[in-house]
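>
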Amino acid sequence: MTSSTFAVVGLGTMGRNLALNIEEHGFPVAVWNLEPEWTEAFVRDHPQAKFTGAKTLEALIGHLERPRRIMLMIPAGAPVDEMIGKLAALLNPGDILIDGGNSHFADTRRREAALRNKDLHFVGCGVSGGEEGARFGPSIMPGGSDAAWARTHDVLEAIAAKTEAGACVTHVGPDGAGHFVKMVHNGIEYGDMQIIAEVYDILCRGLGLTTPQAGEVFASWNAGSLESFLVELTAHVCAVADPETKQPLVDAIQDKAGQKGTGKWTAQIALDLGVAIPTISAALDARVLSSLKDERVAASARFPAGEARSGFTESGAENWKNDLRDALFAARVCSYAQGMALIKAGSDEYRWNIDLAEMARIWKGGCIIRAKLLDTVRQAFTTDPSLVNLLVDPAIAADMRRRAPGWRRVVAGAAWSGIPVPALGASLAYFDSYRTPRLPQNLTQAQRDAFGAHKFERVEQPGFIHFDWEVAQH
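Everything in the sequence shown is counted per numbering that gives the first Met the number 0, starting at 0 for the first residue and increasing by one.
1. From the DSSP output, in three-state form, read off Arg-68 for me.
2. Is His-120 helix, strand or coil by DSSP?
3. Taking three-plus beta-carbon pairs below 8 Å as touching, is the region 405-425 in contact with the region 365-383?
4. Please give the ranges of any alpha helix (DSSP H) in the region 397-453, keeping only runs that are unbroken, at least 4 residues long and fully inside the region.
5. Identify every run of the beta strand (DSSP E) within the region 127-195, keeping only runs that are complete inside it and at least 3 residues long; order them along the chain.
6. With distances taken Cα to Cα, identify the nearest neighbour of Gly-405 among Gly-14, Ala-452 and Ala-330.
7. Any idea what DSSP makes of Leu-248, helix, strand or coil?
8. May I ask you to list the residues that DSSP assigns as paired with Ile-97?
9. Sort Arg-67, Thr-55 and Glu-111 by Cα distance to Val-79 and report the nearest one.
10. Assuming Tyr-429 contacts Asn-388 under a Cβ cut-off of 8 Å, what Cβ separation, rounded to an integer in Å, is found between them?
11. CA-CA distance, Ser-314 and Arg-408?
12. Could you check how far apart the C-beta atoms of Thr-261 and Asn-101 are, in whole angstroms? I think they sit under 8 Å.
13. Can you give the beta carbon distance from Cys-237 to Gly-214, rounded, assuming they're within the 8 Å contact cut?
14. Looking only at its own chain, which residues have a Cβ that is under 6 Å from the Cβ of Lys-181, when we skip the five neighbours before and after it?
15. From the DSSP output, read off the bridge partner residues of Phe-50.
16. Less than 9 Å between the C-beta atoms of Gly-128 and Cys-366, yes or no?
17. If I'm right that Ala-285 touches Gln-193 with Cβ under 8 Å, what's the distance once you round it to whole angstroms?
18. Starting from the Cα of Ser-224, find the closest Cα among Gly-177, Gly-345, Phe-50 and Leu-327 and give me that residue.
19. Count the other CB atoms, across all protein chains shown, that sit within 10 Å of the CB of Leu-442; report buried if there are 16 or more and exposed otherwise.
20. What residue range is occupied by the uninterrupted beta strand (DSSP E) comprising Phe-5?
21. Look at the alpha carbon of Met-399 and the alpha carbon of Gly-190, and state the distance between them as a whole number of angstroms.
22. Given a cut-off of 9 Å, decide if His-184 and Trp-351 are closer than it, judged by their beta-carbon atoms.
23. Leaving out five residues on either side along the sequence, give the residues of the same chain with a beta carbon under 7 Å from the beta carbon of Ala-501.
24. Would you tell me roughly how many angstroms separate the C-alpha atoms of Val-311 and Gln-337, rounded to the nearest one?
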């Protein structure tokens, strides 16, 4: 006997919250978890809600109306393949499996093709917003077939975050498009977080502010062009006191940042597709270096801080705060520009036809990188869907020119002070490289031809040639 219109498999924090979100929007939900006691406790804790607990997968299938819609909220990798194998044997043609975890997009492409051959639909669905977003409205990035979208959009649109631009969900594209976009979203998030951390470091070590004072600066910035979830969150966490020491809790946290797979995957696929993402890569490297705590402490004895000059002693604190605001904004633009360029490259490579303006729209609410800047990004790709890079949009280009002097002063000041700014510096180098008509890679290519006969192109004529550098020397 059918009783539910949707199912959630996996009742961890994200699964539970999504199930609550779905049911709250009028869709009776069947739930299953590997540990039956979790299922029983979840249903028992919500007696007034339309949840049906299933002890077996067979029972779960039996509770669902057809075509069945089942969302997997389980760890990525082998567990997803194992669950797909179990469920596929129980499903009927036209049924839909949705993977809401952070799976690699290549796995999603493989799974979608295999299930398509069995007349089953598979949706790789990026979900961003963490626990809060899952419960009250995430940004949702589903891939898969048009038919699968037609049968799932009612639920996904209902539970997604809402902004003045609509529900923060769209059909991203075929097979792995949704998980690809979610992966790049996380890469942009890495870059954004690292940029903010570097600015925080300069505020504290460069300008001598306390952590709460730095938080006040971020709070003031959040009222302007830098308005975003991450800047707002930064202001909040800098203001929180440690219950034990009564000092800022941030100051009591070990300076070692962890990471999951999506950031690394973003860097790997960027290399494969030939897309430069230096801001995002710098953020990854910064996390790796942060894990070397013992080595860094030992090295600090060899290179005392007194060897560096202070680059933030002149101009006054308020001027430096203005420069830091400009540096943060400009570097953030570079992080978005790199991410959008990577999405475009992936879309071209796999023929997904992803709408970049739509990606900016659905990121406006619910997700971690939601920011006022996304209005400008959306407008840029709406005006010119074939825009080759966000940096050359006229409005953004004008803003970058205006903010560049302060950005340069910040990076130079950090260098003089011995304060590492890998993402701010990489962003500036990306900007300067992209706007430079002739780079020194003419020398690089000459070297490659001289030692490895890799050939080069001459300025005045097309085609590749090899030159005998040894003969010319004599």
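Built from N, CA and C at the ideal position, the CB exists for glycine as well. Here the structure is a predicted model, which is why all the values come from computation and not from measurement.
Taking the structure as given:
1. DSSP places Arg-68 in strand when its eight states are reduced to three.
2. It is a strand residue.
3. Contact between the region 405-425 and the region 365-383 is not established, with fewer than three Cβ pairs separated by less than 8 Å.
4. With a minimum length of 4 residues, the continuous alpha helix (DSSP H) runs that stay inside the region 397-453 are 421-433 and 440-451.
5. The region 127-195 contains these whole beta strand (DSSP E) runs: 138-141.
6. Checking every option, the nearest Cα to that of Gly-405 belongs to Ala-330.
7. Correct three-state label for Leu-248: helix.
8. Met-70 and Val-122.
9. Nearest C-alpha to Val-79: Glu-111.
10. With a beta-carbon spacing of about 10 Å, Tyr-429 and Asn-388 fall beyond the 8 Å limit used to define contacts.
11. Roughly 11 Å between the two C-alpha positions.
12. By a beta-carbon distance limit of 8 Å, Thr-261 contacts Asn-101. Their separation comes to about 6 Å.
13. The Cβ separation is near 3 Å, so the contact holds.
14. So the list reads Gly-125 and Met-140, once near-sequence residues are dropped.
15. Note: Phe-50 sits in a beta bridge opposite Val-28.
16. For Gly-128 and Cys-366, yes; Cβs fall inside 9 Å.
17. Sure, about 5 Å apart at Cβ, within 8 Å.
18. Ranked by Cα distance from Ser-224, the options Gly-177, Gly-345, Phe-50 and Leu-327 are led by Leu-327.
19. Under a 10 Å Cβ-count criterion, Leu-442 is classified as exposed, with fewer than 16 other Cβ atoms of the shown protein chains found around its own Cβ.
20. Phe-5: member of the beta strand (DSSP E) spanning 5-8, first to last residue.
21. Distance from the CA atom of Met-399 to the CA atom of Gly-190, rounded to whole angstroms, is 18 Å.
22. Result no, Cβ atoms of Trp-351 and His-184 do not sit closer than 9 Å.
23. The question about residue 501 has no answer, for the chain in this structure spans 0 to 473.
24. According to the sequence as given, residue 311 is Phe; it is not Val. C-alpha separation (whole angstroms): 30 Å.
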